[in-house]
Each structure stands twice: as structure tokens, then as C-alpha cells.
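Residue numbers (my numbering): 2 to 1011. In this text, a Cβ means the ideal position worked out from N, Cα and C, and glycines have one as well. Computed from a predicted structure; not experimentally measured. Taking it in order: structure first as C-alpha cells, then the write-up.
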RNA sequence: GCCCAGAUGGCGGAAUUGGUAGACGCGAUGGACUCAAAAUCCAUUGAUGGCAACAUCAUGAGAGUUCGAUUCUCUCUCUGGGCACCA
């Protein structure tokens, strides 16, 4: 047989598949569909490195097994080619960005082709193709012409809203077009507004975050030229993604996605349930605040407005220190801008500490108790979240606490902590009654040193301060003194202070065998001298007295939450942030936080509301290389859509791709464009990628983005593979658009991607990311040339779990290469003998007895076990262990004298998704006439998988001491008997008493000795 | 600071309804084949002690639950990712 020349073989079959259209998806098929999708790449100038194909290989293997299992598989590929790098290239070389894209696409295609993917290239899409972006523009217009109907909880055409407004609002009809449009703009799902951009005056352009660097003083400057960058408010288009926030969050539950991606999206959306509460003021202007802690309303000691609060001017003009306050606002805004810029670049926002200024003379009135509190402006309050104002409760909010400490504002405790022990020896026992007790905790300081008196209990390992019950009618301080004297013997105490609130604790009292609900008062004493009386014997047995250094007390009492809390409150005066029990809150005293939130909100006429961290998405770039937004600004100030018939609105040619100096896109420099009133912003990068998976279903359709029948057949993506860096971008935007299309009746599912898998990164040898910058890039072309595509594919799957980051190691590739050569050699062996010698070994016909036949049987058993394992592993995307199983099978086959040719073919079939070229070559060499890649998937025989004889371990006290061989179905009593009789076991059990014997079926026996 | 994930030989990694830790691969050492080399094959390869049989220790650290813990619980350390004044 021929030598294994991977270059020749791989080229040959790639050509074969191409001409025979082996991987072309069937158009009208009665087969079940299966849609396997990769995140399409941005074709960058530097091409692929070996990290890029990892995800593609995984999804390709998945697509291949599905194809072999008889599904009609859609496995397409395309290019997401709008964006900055191509534009940059255009500016530098003064060529049309399309040229750069064409060139890069060519490189990508040739690199991908070498790896032997089973893409159906006839369905390729490219976001920069006018025939494609025609439909991106079309979808944009549908979004623009829709609003979110809160009652129906879905998007509806804006025409419905107009009708509604005409019915309900008499004035609406009388309004001018401009005025009507203004109102509608507040409802449209795509709307015009203002937002801040990074503006570089010197370059006369808006910069993306990654075009900005820090200069040596930490100020933001342009990467090109090093010119200062500032924030500038500019007209932008937005998408009202926040309308979908609830659905985007709650629908995550039904998705088969990696947990952490769901977590990231959930955090990003950031739902908080809280209350909006109005504070009246002494100047006839209310301040509305948002809080999640309405239960702390009685603890409000001041109110804070954001420097960027929309109505700040109204308060400013009536304050007594207007000049000073406006100066503060100006400076604060500047700082915030800089902070924002840092945040966008992923740097710390620069928490130099909170600053603020009081608006003198202005008072807010607490609606809960009528108390007047001061009004402040503070830079720690965000204008863009909630209402832009907060009620400050320093006792129960860390930020307010910090601010109050800095500006000497009062603190008022209204939530008493409650600790419920759940685990451990003092965890509350579920079926036992709770007994309420009033009690006292005493913190006792040493008479001369910086030490505190602690107790370490002997019965359990409880550590804390002096604790005791209060007897009926007893004075609090004397109760404390009595306890200290009884438990420690110290006599001369000086009372210092008392914690102004109680601490509640539920726990199990081991000595008294009771569930306790204790209400602690906390007292602070100092010893006057060292006088100490001898303790009663029973007290001595209970606990040790320990003097603990002040610095070490926190650690000493750390095993007990409430003791540690007491210490921290007294010594570090920390805010209590958790829920608890209300106090100093009039009629609400004694309620839990949760109950109180609703009741207090109701009481003050507030509203329960939901807020989101997520903001509406900016849908505009001030750049050339993107989809034109199909809107026309008319002279009268209204905006109209480009008629559907005129789509695509084609990107015009420009003479220069340079920014034009006003911050607008180069399109603003095209006379005809501006004259026509066309929008000069272009769409952001995420537009084209938010729906491309739908276009693959029907990529050449001229009448719609995809035909209804095709959409109905393909429905949604069954498996989506890509990097986790798109968690809050592409994956969120796609879900948003898809939900919109679902609401509008264009797609049958409300979620586009049923199952999502994230391939892990491939790091370079040096542990860094592969990048031109580090010079550590490995090009797959080189690997394919030296080792072959099949080897590369197997290596990338074998190197570690698919979803985890692993380091590339070119030395290790030799393993998978040897494996393929082994498979090749086995093929040679199989083919060396006349076929007739093999046919008769079909199973069922094997005679027991001879060692040769015996090895055939065990090989066949192994084959069927391997088929099972590989099938299940691919389904679960555990490619590394699938490869490992096939390596074991190959080694056994090579050792074996006789190999059943049909068995060998089955092996080739399960290997084919991983190594399509070499298996195809061998498959045809064995006389097959049709591609192995559509040959069907072998099934395993359950009977052959079961072993009759199994080896199990025998443990003595949990340690393996012997191994015995037993029939798989042997009864427990017999197994235990056999185990005990084993020589090695006897050695250990001799003269010992066996107290327990355990048999875990098919696994092990454990003999427990006393 | 908060949230999430993770930590296993020289290296990549395997093993979970709690049941023989280190599969498979790389590397290393020794051997067979060869004039020689490459390739291939065979053997050994967690650590310590021992001629050996074998024993002890070992899954980031410490505790706990259990006949038995890489797997479950708690605390801590480190690494990666996300968020970052979101009230």
C-alpha cells in the first residue's frame, strides 16, 4: 500500500468533496434538520492562528456526526467584515476598504480550506455585501417603525400607537408633524438622542475606546499623535434594548448555555427591585429617589443629588451657597468624564474618594416621619441610574456611611442585625421550638494593656465574649456586671458604653439543648484592676479565660458571626448592610426588612419599581465603513424612512476615508449624500451580526431576508459555538433582535440559539495570548503542511477540555500524528490479507476456545465500548476523552493478529469526524464507493459491552489491600465471603474484629475493622 | 470591593448520583530491531523508605461529615474571567 502522504491525500479528498458537493445542505428535505453554527469571523489582515480554528473544529466534528447520523445539517460560514481595522487600512493605503476585505477574505478562505471543514460554502454570507445589508437595513426599519407595548409585553407597529394616541389624547391630532414625531421618538424602538463620545479636537474625529491611550500623566490621549481626548455630546441613534430587559433576563433560564455566560448577561442587565419615593422640600420642588432598601427609610439622615441630576439647577438657584455649589458641579463633571473614559477602557474608574457639597438652606422632608434632612450634591451618585438622587442611610449603606464619615453627617441605626445559625453544632435544629431570651454580651477591656477578655468554651469550640441571660426585672448594667463576675471572677468594673441597638441571634444551645432566639444588648466595660476571685468549679469546667490582643480579637471570634459583628461595630464602627429587624421606625418596629419594604413604600405613597443597569444601545458610529442607516432628515426637521423599494441604501464612494473634522462620519462630506438628507452616521459593528444566522437559511433570497418556509424548517440554531468574549455584546444584541423579529411574526422562536458552547482559548507556549505583538503566533498553515490537517484537528481536540484555556505545545502534536500513522498501518495489515479471510469473523460466528478467537472477541468488545464512548463524548463535546478512547482501541488493534474488516471500518467511521481525510482514503481503499462522511454512524451492541467477569477492589478500613475477580452478577453475600477468604485480606483481618462489611456493586468491597 | 469559575505527576490532562487517584498523550530512562541513524516496538516513570514482597505519604492549605472525599460542607491562599460608587 501507498505511503501515508498527508499533503497528497488531504488535497485529493478536499477536491473530491468540493466537486461531489458532499457537504451541501439539502434544500428541500424530508430529513430532520440540525443547525450547527460558528460565530463568523472578522477577516482581519493578520489571518488565522492555531487558536482560531479550535471552535470550528469542534463544531465541525459535531456537524459531521449529525450528518452521518442522517440529519440534514446546516453548517455554514461567512464574514463579519464591516468595522474599524478595514477602515484604518483604507486610510493608511488610500484604497477602498472593500479591497482590504476582499484580500483578507481570500486569505481566510484558503486557511480554512486547508483544515478540511465541512462547511456548505454555497451559503456563505458577507455583511458588507449590499445584497446582505439590504436586509440589515430592512430589519432596522422594522425596529424603527415599532414601539414596545407594555400591556401586551411585545413590540407592535408604531401605527398602532398613533391610532391609540389619537383615540386617547385629543390634542395629539392637532399637533404638527414635528411635534407628533417628537412624541413618537419617545416610543420608537430605534430612536434619536444624545450621548457622549470620545472627541479628539486636534484630529477632528470621534475615537473608539481602543484608539485611546493614557499619556504619562494618566490623561487620555489619542493613540495616533497623542492628542488630548475629551467627552463631547453628539447626536446618536439608539436601540431601546431596555424594553426587553426583563425578557432577556428571564428567558435565560430556558437556554442550554454555559452557566457563567448566563451569569454575565444577568449581571449586565442588572435587575433590581426597589421603590421610588418622593421627598418634599422646603422650596416646593420634590426630590424623587430610588432605593432597594425602603425598610431603612427611618434611618435617612440626608439626601444626595448627582452633579448631573436633570433638575439640579432648580435647587441650585434657591440655595444659599450657589456660587460655591456650581463650581463644585463643574469640577465634579470633569472628573466624572475622565472616570467614564477609564471605565470604558477597562481601567479602574479612579476612586479617589467621594466628594460632595451641601446645598445650604435646602431641606428635604422625610415622608415617613416628617423629619427635615439636609440636601447634598455628591459625585458618588450616578445620574444615569434610578432617579439620579438617593436617600442616604449611612447606618446601612457602605457608600453613604463613607460619605457621612467624611462630612460628619449623622448616622441613625434602624435595622437590628439578626443572625441565624444554620450549620455546625450550634445550627438551629429544625424540629425544635424557638425559645426567646433577653441576654447581654459584655466586651471587657484589660485594666492596663490593649487586650480584651474572651472565653473559649470547652464543650464545643465556641469562642466569644462574656454572654449571659438577663433575669426578670434586672437592670441591664448590673446583669452585665453579675455575668462578668460569675464567669471570670473579675470584680472591679467600670461601665463605658452600650450599643444603641440590639442584636438578634437564633442558634442551638448545646448545654441547655434548646433552640434559642436571643435578643442581645451589648455592653462595654473596662476593668479597674486585676482583682479576681476564685471561680466556682463548674464554671472552670465550662470555659477558659483568654486575654486577646486588640489586633487579634477579630480573628479570635471569627468562628461566630454575631460575636465578630459586635466586635467590628464597637471597635471599627462598621455599617450593617444586611436585612434584619426594624427598630426606631415607629409602627414598623419589629417587622423584618422584607415585610417592611412593601409596607413602608405603601405608607409614604411610593411606587414599587424595577430598574436595570443595562442602558439603551447606541446604534451609530461616526465612521465610513458600516451600513448606512436608511433614514432621511427632512428640511422641516422630521425624519422619514428610506422606502423599502429603494433598499439597499448603498454606501457611496468617497474620495477620502479620513475623518472630516467635525466629528461626523466621512459621509457628511459627500455632497450628494448630504443634499439628499441621508443620515450620516453608519451602523455599529453589531448590526450585521445580529441576524446573520437567519440569512444562512436562505442566503440568496431577493424578496425577503429569508423565505418563511425555510425559516420554519430551520427554526433556530441547535448548536452555537464561539468565544465567550461576546457574552455582553453580540449574544445579547442577537437575542434582542430575535425577540423583536419574533414579536413581529418573522421568526417562530423567541430565542435564536438553543445550545451554546464556548471554546477555550489557545495560549502560546510562553503562557501569553497569541499575538503578533509577542511574536508567538503559530500559523495553522505550517502545522497542516508538516503534520497534516487531520493531525491538527485531533491535536486541538485532544489537548484539553474543549471549553477550557490550554497552552499550545508543538512538541505534543507528534502524539496525534503517531496515532494516525498507527491507524494507517492497521489499514495496511487489514488489506494485506485476502478479504475472504476476514468475512467469516462476523460476530455470532466466532468459536470460543482458541486464543486467537478469544482476542477477536475481546477486541470486538472494546470496539463496541469505544463506539459508545465516542458517540456520547461527541454529543457532550468531550472530544479529548473521545480521542483517548480511540487511541486505546488503535493500540489494541495493532497488537491483534486478526482484525475483522467490518470492525475496522466501524472504527474508521467513528474516527471520520475527527480525521476526515485519512479515513476517507482508507475507506475507499477498502472498496467503498461513497464518502465515509455520509456513510452512516455505527451502532454499538449492548450485549457486547457488558463484561461477565469483573475485577473489584477489596478495602480494609478504606484502603485497597487486594483485588478479586468475580462474575458480574455475583450475589452480595458471596462476594463478601470471597473477599474475606482472600489471602491478602486475611493478613489484615487476622485477630481483628470485623464490625462492618460494605459491597458497592461492581466496584468494591470495604471491610471495616474495629 | 462584589459575583462566577478553577487549582490533580516534569508537562497537557483523566476519574463526580462519594467507591481501586494519575486513563490517554508529551517528555524522560532502559532495552529490542539496525553497520548506524530515523521510524517502530517492549519495559519503567507521583514522592519517600526497602534487595524485594510491601509500607507510608500524596489531588492548593486547614478543618468537618463519612466505612470511604479529587468529588460534599466551612474557612483561607492563589490563578483566570465578569462587574465596578447601579443606592
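**Message:** Please state the DSSP three-state secondary structure of residue 235.
**Reply:** Secondary structure at residue 235: strand, using DSSP grouped into helix, strand and coil.
**Item:** Unbroken stretches of the beta strand (DSSP E), 3 residues or longer, contained in the region 393–469
**Value:** 416–421, 435–446 and 452–458
**Prompt:** What is the DSSP secondary structure of residue 16, reduced to helix, strand or coil?
**Reply:** helix
**As assigned by DSSP and simplified to three states, the class of residue 581** = strand
**Message:** Tell me the rounded alpha-carbon separation between residue 201 and residue 671.
**Reply:** 22 Å
**Request:** Could you give the DSSP three-state label for residue 516: helix, strand or coil?
**Result:** strand
**Request:** Would you grab the beta carbon distance between residue 278 and residue 368 for me? Rounded to a whole angstrom, and I think it's under 8 Å.
**Result:** 6 Å
**Message:** Quick check on DSSP: helix, strand or coil for residue 510?
**Reply:** strand
**Item:** Delimiting residues of the beta strand (DSSP E) encompassing residue 986
**Value:** Element bounds for residue 986: not the beta strand (DSSP E) but the alpha helix (DSSP H), 984–990.
**Request:** Using the DSSP secondary-structure output, state which residues sit across from residue 1006 in a beta bridge.
**Result:** Residue 1006 is bridged to 955 and 1000.
**Asked** Is the Cβ-Cβ distance between residue 156 and residue 820 less than 7 Å?
**Response** Contact flag unset, no.
**Request:** Below 7 Å CB to CB, which residues in the same chain sit around residue 669 once its five sequence neighbours on both sides are set aside?
**Result:** 661, 663, 675 and 681
**Item:** the region 224–238 / the region 168–186 touching (three or more Cβ pairs under 8 Å)
**Value:** The way I'd put it, the region 224–238 doesn't touch the region 168–186; fewer than three beta-carbon pairs between them come closer than 8 Å.
**Prompt:** From this set, 72, 98, 133 and 85, which residue's C-alpha is nearest residue 704's C-alpha?
**Reply:** 133
**Prompt:** On the three-state DSSP scale, how would you describe residue 995?
**Reply:** Strand at residue 995.
**Asked** Quick one: is residue 563 buried, meaning 16 or more other Cβ sit within 10 Å of its Cβ, or exposed?
**Response** buried
**Prompt:** Nearest to residue 510 by alpha carbon, out of 470, 474 and 477?
**Reply:** 470
**Request:** Using DSSP bridges, identify the partner residues of residue 617.
**Result:** Paired residue(s): none; residue 617 is not in a bridge.
**Message:** My output table needs one value for residue 225: the three-state DSSP class, helix, strand or coil.
**Reply:** coil
**Item:** Extent of the continuous beta strand (DSSP E) run through residue 191
**Value:** 191–201
**Prompt:** Helix, strand or coil for residue 624 per DSSP?
**Reply:** coil
**Item:** Cβ-based burial, residue 320 [other Cβ within 10 Å; buried from 16]
**Value:** Classification for residue 320: buried.
**Asked** In terms of residue numbering, what span does the beta strand (DSSP E) encompassing residue 642 cover?
**Response** 640–642
**Asked** Which ranges would you report for the alpha helix (DSSP H) in the region 539–573 if only whole runs of at least 4 residues count?
**Response** 554–557 and 562–568
**Request:** Go through its chain and collect everything with a Cβ distance to residue 952's Cβ below 6 Å, but skip five positions before and after it.
**Result:** 964 and 966
**Item:** Segment limits, beta strand (DSSP E) that includes residue 311
**Value:** Looking at the DSSP string, residue 311 is not in any beta strand (DSSP E), and its letter there is neither H nor E.
**Request:** Kindly indicate which three-state DSSP category residue 357 falls into: helix, strand or coil?
**Result:** Shown here, residue 357 sits in a strand according to DSSP, grouped into three states.
**Prompt:** Leaving out the 5 sequence neighbours to the left and right, which residues in its chain are closer than 6 Å to residue 989 when beta-carbon positions are compared?
**Reply:** The residues 957 and 962, in chain order, have a CB closer than 6 Å to that of residue 989 in the same chain once the five nearest residues on each side in sequence are set aside.
**Request:** Whole angstroms is fine: what's the gap from residue 64's alpha carbon to residue 935's?
**Result:** 11 Å
**Message:** Nearest by alpha-carbon distance to residue 207: which of 214, 193, 231 and 908 is it?
**Reply:** 231
**Item:** For residue 122, the three-state DSSP class (helix, strand or coil)
**Value:** helix
**Message:** Within 8 Å, do at least three Cβ pairs link the region 255–262 to the region 722–733?
**Reply:** yes
**Prompt:** Since residue 83 contacts residue 738 with CB under 8 Å, what's their CB separation in whole angstroms?
**Reply:** Wrong, their Cβ atoms sit about 16 Å apart, outside the cutoff.
**Prompt:** Name the DSSP beta bridge partners of residue 102, please?
**Reply:** DSSP output for residue 102 lists no bridge partner at all.
**Which of helix, strand or coil DSSP assigns to residue 243** = helix
**Closest by C-alpha distance to residue 391, when choosing among 330, 406 and 288** = 288
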